[in-house]
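Peer 1: A single structure is presented below for examination.
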Amino acid sequence: MTILETENLTKKYGNLVAVDDVELSVSAGEIRSIIGPNGAGKSTLFDLITGMQPPTDGRIRFDGTDITGMASHKIAQRGMSRSFQITDVFGGLTALENIQVAAQVDDSRRSSMLRDADGLSEVHGKAMDVLADIGLDDRAHQRASDFAYGDRRKLEIGLAVANDPKLLLLDEPTAGMGSEDTNSTMQMVQRLAADRDFTVLLIEHDLEIVMNVSDRITVLQDGGVIAEGPPEAIQDDETVQEAYLGGVFS
Ligand SMILES: Nc1ncnc2c1ncn2[C@@H]1O[C@H](COP(=O)(O)OP(=O)(O)OP(=O)(O)O)[C@@H](O)[C@H]1O
Ligand SMILES: [Mg+2]
Numbered sequence: 001m002t003i004l005e006t007e008n009l010t011k012k013y014g015n016l017v018a019v020d021d022v023e024l025s026v027s028a029g030e031i032r033s034i035i036g037p038n039g040a041g042k043s044t045l046f047d048l049i050t051g052m053q054p055p056t057d058g059r060i061r062f063d064g065t066d067i068t069g070m071a072s073h074k075i076a077q078r079g080m081s082r083s084f085q086i087t088d089v090f091g092g093l094t095a096l097e098n099i100q101v102a103a104q105v106d107d108s109r110r111s112s113m114l115r116d117a118d119g120l121s122e123v124h125g126k127a128m129d130v131l132a133d134i135g136l137d138d139r140a141h142q143r144a145s146d147f148a149y150g151d152r153r154k155l156e157i158g159l160a161v162a163n164d165p166k167l168l169l170l171d172e173p174t175a176g177m178g179s180e181d182t183n184s185t186m187q188m189v190q191r192l193a194a195d196r197d198f199t200v201l202l203i204e205h206d207l208e209i210v211m212n213v214s215d216r217i218t219v220l221q222d223g224g225v226i227a228e229g230p231p232e233a234i235q236d237d238e239t240v241q242e243a244y245l246g247g248v249f250s
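With the working numbering, letter number 228 in the sequence shown gets 228, and the count goes up by one each step, no holes.
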């Protein structure tokens, strides 16, 4: 089953074509990486898919529905989640409070459930499950602002999965992390995706990670797709090697 599909997807900023006629087809359950040089259009592609920016042209289908032009919170309600920075907004809340807020965001059914004790304890239970899944349950009552950088980024991923997404978009989730945090974070993402049964779109600069975790890889350059396939095929693709000025895969 195809969970996400784009057709002729294009975003222009004046004369600059940031996303150029992108045709993407992502199967449910896949971990799909989007790679490409700086400025290739990766983050802009995410902005279009999540409804943060309207496309100049083209269509987006998500989980059987045409979501082109839909408001981002409506798309989120349909089960698309993007990791977001908690550092500013939720720093004063505990890890548990953060996850509880995220579990209710944009979900009218759950926020009405919050009015009674059963609803509250269900949200609490779900939030504790998420914290256990991201390995932070022993620090549920610690303030997010007191967490080390790597743990804060894990909590951000926890926020993004708290609302049971069908598709999770991660834009450089390990940026700024050391190799230990990077590895444990990516293992966590793989485990979450399998256990909670969601699809992942991953933007990641570390090609070793990309080769390890991806089912398929889409390579962008100057806004357009220059290659797509399983890791082995991408690794051997001459066009891709040229795009990276050679050497990165060797
Ligand atoms: N809001 C905007 N207004 C004008 N130009 C933009 C805007 N957002 C992005 N761009 C341009 O679109 C192109 C693609 O940018 P984008 O951020 O999507 O690239 P990227 O692949 O995510 O790069 P990086 O690896 O550096 O994060 C760049 O040339 C960028 O300068
Ligand atoms: Mg980017």
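All C-beta atoms, glycine included, are put in the ideal place defined by N, C-alpha and C. Everything numeric in this text was worked out from a predicted model, so none of it was measured.
Which residue marks the beginning of the beta strand (DSSP E) containing Met80, and which one marks its end?
Peer 2: Position 80 of the sequence shown, counting from 1, holds the residue named residue 80. Counting along the chain, the beta strand (DSSP E) containing Met80 begins and ends at 80-82.
Peer 1: Consider the C-beta atom of Ser83 and the heavy atoms of ligand 2; say whether any pair is separated by less than 6 Å.
Peer 2: For this step, residue 83 is matched to residue 83 along the sequence shown. False, no ligand heavy atom lies under 6 Å from that Cβ.
Peer 1: For Ile134, does the three-state DSSP call read helix, strand or coil?
Peer 2: Working through the sequence shown from its first residue, we reach residue 134 at position 134. Correct three-state label for Ile134: coil.
Peer 1: Ile34 lies in the beta strand (DSSP E); which residues open and close that run?
Peer 2: As a working note, residue 34 is residue 34 in the sequence shown. Residues 31-35.
Peer 1: Whether or not the region 192-200 and the region 24-31 are in contact is what I'm after, with contact meaning three or more pairs of Cβ atoms, one per stretch, closer than 8 Å; do they touch?
Peer 2: At 8 Å Cβ cutoff, the stretches touch.
Peer 1: Is the beta carbon of Ser33 within less than 6 Å of some heavy atom of ligand 2?
Peer 2: In the sequence shown, counting from the first residue as 1, residue 33 sits at position 33. No, Cβ of Ser33 sits at least 6 Å from all heavy atoms of ligand 2.
Peer 1: Look at Leu96 and Ala140 and say whether their C-beta atoms are less than 7 Å apart.
Peer 2: Reading the sequence shown from its first residue, position 96 is the one you call residue 96. Reading the sequence shown from its first residue, position 140 is the one you call residue 140. The answer is yes: Cβ separation under 7 Å.
Peer 1: Give the single residue among Leu170, Ile203, Ala103, Ile209 whose Cα lies nearest to the Cα of Ser184.
Peer 2: Here residue 184 refers to the residue found at position 184 when the sequence shown is read from its first residue. The candidate whose alpha carbon is nearest that of Ser184 is Ile209.
Peer 1: How many angstroms separate the CA atom of Asp164 from the CA atom of Gly79?
Peer 2: Locating residue 164 in the sequence shown gives position 164, where the first residue counts as 1. Locating residue 79 in the sequence shown gives position 79, where the first residue counts as 1. The straight-line gap from Cα to Cα measures roughly 7 Å.
Peer 1: Please state the DSSP three-state secondary structure of Thr174.
Peer 2: Counting from one through the sequence shown, the residue named residue 174 turns up at place 174. Coil, per DSSP.
Peer 1: Taking the alpha carbon of Gly135 as the point to measure from, which residue in Thr2, Met52, Arg153, Ser145 has its own alpha carbon closest?
Peer 2: One-based indexing of the sequence shown puts residue 135 at position 135. The shortest C-alpha separation from Gly135 is found at Arg153.
Peer 1: When you measure from the CB of Lys42 to every non-hydrogen atom of ligand 2, does any distance come out below 6 Å?
Peer 2: Taking the sequence shown and counting its residues from 1, one reaches residue 42 at position 42. Result yes, Cβ under 6 Å from ligand 2.
Peer 1: Taking Gly53 as the reference, give the member of Thr68, Gly64, Ser121, Ala40 with the closest Cα.
Peer 2: Taking the first residue of the sequence shown as 1, we reach residue 53 at position 53. Note that residue 53 is Gln in the sequence shown, not Gly. Among Thr68, Gly64, Ser121, Ala40, the Cα nearest to that of Gln53 belongs to Thr68.
Peer 1: Can you confirm whether the region 174-191 touches the region 9-20 when touching is taken to mean that 3 or more C-beta pairs between the two stretches lie within less than 8 Å?
Peer 2: Short answer: they don't touch.
Peer 1: Around the Cβ of Thr239, are there at least 16 other Cβ atoms within 10 angstroms (buried) or fewer (exposed)?
Peer 2: By 1-based counting over the sequence shown, the position of residue 239 is 239. Classification of Thr239: exposed, given that the 10 Å Cβ count is below 16.
Peer 1: What are the start and end residues of the beta strand (DSSP E) that includes Thr218?
Peer 2: Counting from one through the sequence shown, the residue named residue 218 turns up at place 218. 216-221 is the extent of the beta strand (DSSP E) around Thr218.
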